[in-house]
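Participant:
In structure tokens, the structure reads:
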């Protein structure tokens, strides 16, 4: 059974950093890309970032480019989202999701339960 | 303002059918797979349709997806009270080099 578990969410002050983790099981992690998607209070789903199956290709939403970094560790079956220079508008529930394929062009076909990030002074 | 346009709301009575549209462009829907998700408050998004018209195992055949040109649609037949949720379309955008979601459609079962 495919499972994704996010962790690392916290309450942080503006300008600070935070790293989210996504540990997966139930599928061959090395074959699939991984997305991060967020849901801000009162808003719709917003795509954040994608990393390809082998980690060589990374894509970011314009709202986070230059501040967030996506990465993956094949040995730990874990994907990460390193967030820097956090802003109040980054406050959201962050989901990681397995992609439907190995790289860009594929949507999300399995989701974790999410981890909450709150940016506030 | 999303690059994908969905109606903000839709409604129907139990047993009826409803269709939710997702309008895009030649940079996204026309040449890429469309995905549809159901989002109930307090739960993770659930995949309903992948690769424009494929239904995952476990999703009732009351849900179907289609695509034509720069638009896609999610059709739900035989509405049930448990279908009340927010529905989102998503697709890769070649110009943005990223995935995009529609703004979401809140479905009410009257």
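Chains as they are written, first to last, in this note's numbering: chain L, 75 to 195; chain S, 1184 to 1293. Built from N, CA and C at the ideal position, the CB exists for glycine as well.
1) What residues from chain S crowd round residue 120 of chain L, counting only those whose CB sits closer than 8 Å?
2) Determine the direct distance from the alpha carbon of residue 1290 of chain S to that of residue 1284 of chain S, and round the result to whole angstroms.
3) Does the count of Cβ pairs from the stretch 161-169 of chain L and the stretch 1260-1270 of chain S closer than 8 Å reach three?
4) Quick check on DSSP: helix, strand or coil for residue 1213 of chain S?
5) Measuring only the C-alpha atoms, how far is residue 1246 of chain S from residue 1261 of chain S?
6) Count the C-beta pairs between the stretch 1229-1239 of chain S and the stretch 1204-1219 of chain S that are closer than 8 Å, then say yes if the count reaches three, no if not.
7) With a cut-off of 9 Å, does the C-beta of residue 1280 of chain S fall near any C-beta of chain L?
8) Any C-beta of chain S sitting closer than 9 Å to the C-beta of residue 133 of chain L?
9) How many Å lie between residue 122 of chain L and residue 1206 of chain S at the Cα?
10) Residue range of the beta strand (DSSP E) that residue 146 of chain L falls in?
11) Which residues in chain S sit within 8 Å of residue 178 of chain L, going by Cβ to Cβ distance?
12) Less than 9 Å separating the beta-carbons of residue 148 of chain L and residue 103 of chain L?
13) Tell me whether the beta-carbon of residue 1227 of chain S lies closer than 9 Å to the beta-carbon of residue 100 of chain L.
14) Is there contact between the stretch 105-115 of chain L and the stretch 174-184 of chain L, where contact requires at least three CB pairs shorter than 8 Å?
15) What residues from chain S crowd round residue 188 of chain L, counting only those whose CB sits closer than 9 Å?
16) Which residue from S:1271, S:1275, S:1198 puts its Cα closest to that of residue 1256 of chain S?
17) Going by CA-CA distance only, name the one from S:1191, S:1282, S:1189, S:1208 that's closest to residue 1252 of chain S.
18) Does residue 1251 of chain S come out as helix, strand or coil in the three-state DSSP assignment?
19) Find the nearest neighbour of residue 158 of chain L within the set L:79, L:87, L:81, judged by alpha-carbon distance.
20) Give a yes or no on whether 9 Å exceeds the smallest Cβ distance from residue 1287 of chain S to chain L.
21) Mark residue 128 of chain L as exposed unless 16 or more other C-beta atoms lie within 10 angstroms of its C-beta, in which case mark it buried.
22) If you drop the 5 nearest sequence neighbours on each side, which residues of the same chain put their C-beta closer than 7 Å to that of residue 185 of chain L?
Facilitator: This is what the structure gives:
1) Chain order gives the chain S residues near residue 120 of chain L as 1284, where near means a beta carbon separation below 8 Å.
2) So the two alpha carbons sit approximately 17 Å from each other.
3) As far as the Cβ criterion goes, the stretch 161-169 of chain L does not touch the stretch 1260-1270 of chain S, which means the pair count is below three.
4) In the structure shown, residue 1213 of chain S sits in a helix (DSSP, three-state: H, G or I).
5) Looking at the two C-alpha atoms, the distance is approximately 9 Å.
6) Verdict: yes, contact present.
7) For residue 1280 of chain S, at least one C-beta of chain L is nearer than 9 Å to its own C-beta.
8) Output row for residue 133 of chain L: interface = yes.
9) In a straight line, the C-alpha of residue 122 of chain L is about 21 Å away from that of residue 1206 of chain S.
10) Per DSSP, residue 146 of chain L belongs to the beta strand (DSSP E) from 142-147.
11) Ordered by position in chain S, the residues that pass the 8 Å Cβ test against residue 178 of chain L are 1275, 1280.
12) With a cutoff of 9 Å on beta-carbon distance, residue 148 of chain L and residue 103 of chain L are scored as near each other.
13) No.
14) Yes, they touch.
15) The contacting residues are 1227.
16) Of the candidates S:1271, S:1275, S:1198, the one whose C-alpha sits nearest the C-alpha of residue 1256 of chain S is S:1271.
17) Comparing Cα-Cα distances from residue 1252 of chain S to each of S:1191, S:1282, S:1189, S:1208, the minimum goes to S:1208.
18) Reduced to three states, the DSSP call for residue 1251 of chain S is strand.
19) In terms of Cα proximity to residue 158 of chain L, the closest of L:79, L:87, L:81 is L:87.
20) Output row for residue 1287 of chain S: interface = yes.
21) Answer is exposed; the Cβ neighbour count stays below 16.
22) Leaving aside the five residues that flank residue 185 of chain L on each side, the residues in its chain whose CB is nearer than 7 Å to its CB run, in chain order, 78, 169, 171.
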